[in-house]
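Numbering (the numbering used here), first residue to last: 81 to 308. By construction, the Cβ of each residue, glycine as well, lies at the ideal position given by its N, Cα and C atoms. I have placed the structure first, in the form of structure tokens, so that the comments after it can refer back to it.
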Amino acid sequence: AVEYNFFWADTFLAMTPRELDEFCEIYRDVGLPFWVQTRVETITDWRLKQLKDVGLHKIAFGIENGDEKFRQQVVIKEFSNDDAVRKLAITTDMGVIYNTNNMVGYPFETREIAMETVRLNRRFKGVDTVNCFVFTPYYGTGARVKALKAGFIDPDVICQDTNEDSVLTMPQFTKEQIRGVRRCFPLYVKFPEHRWKEIQRAETDDALLTWLQKEYQDTFFKEPVIQF
Numbered sequence: 081a082v083e084y085n086f087f088w089a090d091t092f093l094a095m096t097p098r099e100l101d102e103f104c105e106i107y108r109d110v111g112l113p114f115w116v117q118t119r120v121e122t123i124t125d126w127r128l129k130q131l132k133d134v135g136l137h138k139i140a141f142g143i144e145n146g147d148e149k150f151r152q153q154v155v156i157k158e159f160s161n162d163d164a165v166r167k168l169a170i171t172t173d174m175g176v177i178y179n180t181n182n183m184v185g186y187p188f189e190t191r192e193i194a195m196e197t198v199r200l201n202r203r204f205k206g207v208d209t210v211n212c213f214v215f216t217p218y219y220g221t222g223a224r225v226k227a228l229k230a231g232f233i234d235p236d237v238i239c240q241d242t243n244e245d246s247v248l249t250m251p252q253f254t255k256e257q258i259r260g261v262r263r264c265f266p267l268y269v270k271f272p273e274h275r276w277k278e279i280q281r282a283e284t285d286d287a288l289l290t291w292l293q294k295e296y297q298d299t300f301f302k303e304p305v306i307q308f
């Protein structure tokens, strides 16, 4: 039997107040906890309260990138970092678990810009898990067009899995650097900043990465956090 629902829509809360009321009225009879994905801009106190009252358990937020100017120009997301911090704090205060989805390896991105994404995630109050994926140049997206015009990608390339190496070839941010930041992203976010040099070594040192990942798991995930 079904015990938990995950709504796949990227922006679950892209609905009118009337549509939200109708969803809550119908879902109240379902009575199961659920997990949604949405954008930072869609969060308000009353929307969260409505959803929590009918079983909202967890939210995944698409942050993508932590550099405001870069995020607005390349990712085309207009929210400010301060607004993201405030909206996600509302989620924690409501008692709703949340995680963030981030991306690395955008066209024209640098390691310094990628580390701004780390710094933004470190500001989030009560974040459960932080995910980091590699940019995928899907057809029809403006970011793919930018990558093609800059010569970062072979026009015949379709796309890769978001957990595989980047298909972009960029002089300022190599495939190896992108891979390293992606695989160490949660460590950068959760561990103290004075350990960043150690973590950076783990970007290319598999044995050190394994050791740090065990420390990460033992420190931050000692007990299951999911309770219905």
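Self-check item: Distance between Val247 and Thr216 (C-alpha atoms, nearest Å)
Solution: 8 Å
Quiz item: For the stretch 227 to 234 against the stretch 195 to 203, are there 3 or more C-beta pairs whose distance is under 8 Å?
Solution: no
Quiz item: Leu136 lies in the beta strand (DSSP E); which residues open and close that run?
Solution: Leu136 to Glu144
Quiz prompt | C-alpha distance - Val134 paired with Val110, whole-angstrom precision | solution = 9 Å
Self-check item: Top-ranked residue by Cα proximity to Val116, from Tyr107, Met95 and Thr91
Solution: Thr91
Exercise. Inspect the beta-carbon positions of Phe114 and Leu136 and report whether they are closer than 8 Å.
Key: yes
Quiz item: When the Cα atoms are used, what is the spatial distance from Arg259 to Arg127?
Solution: 37 Å
Exercise. Give the secondary structure of Ile258 by DSSP, where H, G and I count as helix, E and B as strand, and everything else as coil.
Key: helix
Quiz item: Which residues mark the beginning and the end of the beta strand (DSSP E) in which Tyr178 is found?
Solution: Ile177 to Val184
Self-check item: From Val225, Ala282, Asp241 and Asp208, residue whose alpha carbon lies closest to that of Phe300
Solution: Asp208
Exercise. Using a threshold of 8 Å, state whether the C-beta atoms of Ile123 and Ile170 are closer than that.
Key: yes
Self-check item: Val225 to Arg108 span [Cα, whole Å]
Solution: 44 Å
Quiz prompt | Proximity below 8 Å, CB of Val214 to CB of Asp245 | solution = yes
Quiz item: Measuring CA to CA, which of Met174, Lys302 and Val261 is closest to Trp276?
Solution: Val261
Quiz prompt | Asn161 - DSSP class collapsed to helix/strand/coil | solution = helix
Self-check item: Closest by C-alpha distance to Asn243, when choosing among Cys264, Tyr296 and Glu295
Solution: Cys264
Quiz item: Residue range of the beta strand (DSSP E) that Trp115 falls in?
Solution: Phe114 to Thr118
Quiz prompt | Rounded Cβ spacing between Lys138 and Ile177 (contact assumed at less than 8 Å) | solution = 4 Å
Quiz item: How long is the line joining the alpha carbons of Lys294 and Leu267, rounded to whole angstroms?
Solution: 11 Å
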